[in-house]
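*Asks:* I'd like to ask some things about the structure below.
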Amino acid sequence: MTAEQLLREMSDLAGPFAVRVAATLRLADRIDEGRHELADLAAATGTHQAALGQLLRYLVRRGVLAETRPEHFELTDVGRLLRDGGPIGRRQWLDLDGLGFRMDMAYAGLLHSVRTGEPGYAAVHGLTLWADLDETPAAREYFDALMRAEQRRTAPQVARLVDWAGAATVLDVGGGNGGLLAEVLAKHGHLRGVLVDRSASQVAAMSTFTEMGVAERARFVAASFFEPLPEAADVVVVSRVLSDWPDAPARTILGHCAAAAPRVLVVEVLQTGQNPHFDLNMLVTVGGRERTVAEFEQLAGSAGLALADVLRGADGLVVLDLAARS
Ligand SMILES: C[S@@+](CC[C@H](N)C(=O)[O-])C[C@H]1O[C@@H](n2cnc3c(N)ncnc32)[C@H](O)[C@@H]1O
Numbered sequence: 003m004t005a006e007q008l009l010r011e012m013s014d015l016a017g018p019f020a021v022r023v024a025a026t027l028r029l030a031d032r033i034d035e036g037r038h039e040l041a042d043l044a045a046a047t048g049t050h051q052a053a054l055g056q057l058l059r060y061l062v063r064r065g066v067l068a069e070t071r072p073e074h075f076e077l078t079d080v081g082r083l084l085r086d087g088g089p090i091g092r093r094q095w096l097d098l099d100g101l102g103f104r105m106d107m108a109y110a111g112l113l114h115s116v117r118t119g120e121p122g123y124a125a126v127h128g129l130t131l132w133a134d135l136d137e138t139p140a141a142r143e144y145f146d147a148l149m150r151a152e153q154r155r156t157a158p159q160v161a162r163l164v165d166w167a168g169a170a171t172v173l174d175v176g177g178g179n180g181g182l183l184a185e186v187l188a189k190h191g192h193l194r195g196v197l198v199d200r201s202a203s204q205v206a207a208m209s210t211f212t213e214m215g216v217a218e219r220a221r222f223v224a225a226s227f228f229e230p231l232p233e234a235a236d237v238v239v240v241s242r243v244l245s246d247w248p249d250a251p252a253r254t255i256l257g258h259c260a261a262a263a264p265r266v267l268v269v270e271v272l273q274t275g276q277n278p279h280f281d282l283n284m285l286v287t288v289g290g291r292e293r294t295v296a297e298f299e300q301l302a303g304s305a306g307l308a309l310a311d312v313l314r315g316a317d318g319l320v321v322l323d324l325a326a327r328s
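Following my numbering, the numbering of the sequence shown begins with 3 at its first residue and continues without gaps.
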């Protein structure tokens with residue numbers, strides 16, 4: 003690819019919006035159901051036939067569809083990924099009416115982020131992602147489901163890698179829908195746990211506790227990690243939270259963790275190069291950033307925590323095992 007082609011590829015907006023419109027209209031599902039003709043597809047999606055034809059032919063040029071005879075469309079392998087309930091959940095993320103699009107549109111506030119360090123999301127939508135999730139239960143539910151998908155990879159590793167023998171109580175700070183705490187409690191029957199998060203995640207967390215059979219050993223407490231934590235414990239876990247914040251608020255969270263327990267476990271998923279957008283995504287959506295293990299260690303040190311061990315799992319998972327300096 004020439005430099006000029008690369009620049010065009012990076013800056014073109016037709017592709018990003020065309021796939022999102024296709025996802026919103028559920029075109030892949032309609033084709034999958036056997037509607038292949040343009041007229042049929044226009045009727046099924048309530049769209050303008052000629053304009054839909056322009057969209058479909060653009061998607062053919064981009065390899066999402068194939069036009070196997072005039073005005074007859076089939077899905078390619080890429081197009082099949084846009085079916086509802088597809089293996090990677092892309093349709094729902096790309097839907098122009100969903101949370102995924104609201105998060106992607108935070109990029110319209112990237113200039114604001116770069117000028118101020120603040121999340122573009124708030125500049126574009128008028129409130130932070132967290133406040134938005136508080137106000138829109140369906141969006142919170144979707145966010146919790148996304149986090150649950152991540153926890154299916156992280157939680158079993160955290161339960162296995164960490165030595166839990168010396169602890170009786172665990173506080174999961176910013177634990178969201180509870181997948182990680184529930185897994186740890188399920189695997190270590192001697193532990194009791196408390197999850198601290200915004201009240202919007204309580205319903206999801208309680209149902210995870212019940213589903214995983216740990217409801218009698220787990221509690222949810224609605225509180226902010228920007229205030230002193232409401233409970234003390236033997237171990238505090240703070241999983242995939244610090245990347246959401248710049249250094250100063252991240253240090254405040256860690257300081258509250260250090261005040262609540264002698265041992266703090268910072269769980270993060272380091273980027274393994276598969277997602278070159280992660281650092282910028284964190285900036286525009288929540289004002290956060292990507293960090294290396296050394297940077298997490300430095301941050302923890304500035305909050306009064308000393309590194310005891312670094313546990314490394316699969317897919318970039320790391321657990322920094324930290325001791326509060328008394
Ligand atoms: C990226 S999610 C991580 C969830 C979970 N710990 C995990 O590993 O999947 C960040 C969590 O921080 C929570 N959060 C955001 N602001 C908070 C606040 N001020 N106090 C407590 N929790 C907060 C969110 O509700 C969300 O559940």
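No residue lacks a Cβ here, since even glycine has one placed at the ideal position from N, Cα and C.
Going by the beta-carbon positions, is the gap between Asn179 and Thr210 smaller than 8 Å?
*Replies:* Yes. Within cutoff.
*Asks:* For the pair the region 222-229 and the region 183-198, tell me if three or more CB-CB distances fall below 8 Å.
*Replies:* Yes, the region 222-229 touches the region 183-198.
*Asks:* For the beta strand (DSSP E) that Leu322 lies in, which residues bound it at each end?
*Replies:* Taken as a continuous stretch (DSSP letters only), the beta strand (DSSP E) holding Leu322 covers Leu319 to Ala326.
*Asks:* Can you round the beta-carbon distance between Ala188 and Val160 to whole angstroms, since I take them to be within the 8 Å contact cut?
*Replies:* So it is not a contact: roughly 12 Å between Cβ atoms.
*Asks:* Helix, strand or coil for Arg32 per DSSP?
*Replies:* Of the three classes helix, strand and coil, the one that applies to Arg32 here is helix, per DSSP.
*Asks:* DSSP three-state label for Glu120, please.
*Replies:* It is coil, neither helix nor strand.
*Asks:* What first and last residue would you give for the beta strand (DSSP E) that runs through Glu185?
*Replies:* Run containing Glu185: none in the beta strand (DSSP E); it sits in the alpha helix (DSSP H), Gly181 to Lys189.
*Asks:* Can you grab the Cα-Cα spacing for the pair Leu173 / Pro158, in whole Å?
*Replies:* Cα to Cα, Leu173 sits roughly 17 Å from Pro158.
*Asks:* Taking the straight line between their C-alpha atoms, what separation do you get for Ala30 and Arg82?
*Replies:* So the two alpha carbons sit approximately 6 Å from each other.
*Asks:* Could you have a look at Gly195 and say whether DSSP puts it in helix, strand or coil?
*Replies:* Strand at Gly195.
*Asks:* Run through DSSP, which three-state label would Thr70 get?
*Replies:* If DSSP states are grouped into helix, strand and coil, Thr70 belongs with the strands.
*Asks:* Run the CB neighbour count on Thr287, radius 10 Å, all protein chains shown included, and call it buried at 16 or more, exposed below.
*Replies:* Label assigned to Thr287: buried.
*Asks:* Give the secondary structure of Glu229 by DSSP, where H, G and I count as helix, E and B as strand, and everything else as coil.
*Replies:* Looking at Glu229 - three-state DSSP - the assignment turns out to be coil, as it is neither helix nor strand.
*Asks:* Between the Cα of Trp166 and the Cα atoms of Asp236, Ala326 and Ala44, which residue gives the shortest distance?
*Replies:* Comparing Cα-Cα distances from Trp166 to each of Asp236, Ala326 and Ala44, the minimum goes to Asp236.
*Asks:* So if DSSP puts Glu152 in a beta bridge, which residue, or which two residues, is it bridged to?
*Replies:* None, per the DSSP bridge assignment.
*Asks:* Could you give the residue range of the beta strand (DSSP E) that holds Val269?
*Replies:* That run of the beta strand (DSSP E) goes Arg265 to Val271.
*Asks:* Quick check on Val167: does DSSP put it in helix, strand or coil?
*Replies:* A quick correction: the sequence has Ala, not Val, at residue 167. In this structure, Ala167 counts as coil in the three-state DSSP scheme.
*Asks:* On the DSSP bridge assignment, give the partners of Asp311 in chain order.
*Replies:* According to DSSP, Asp311 bridges with Asp323.
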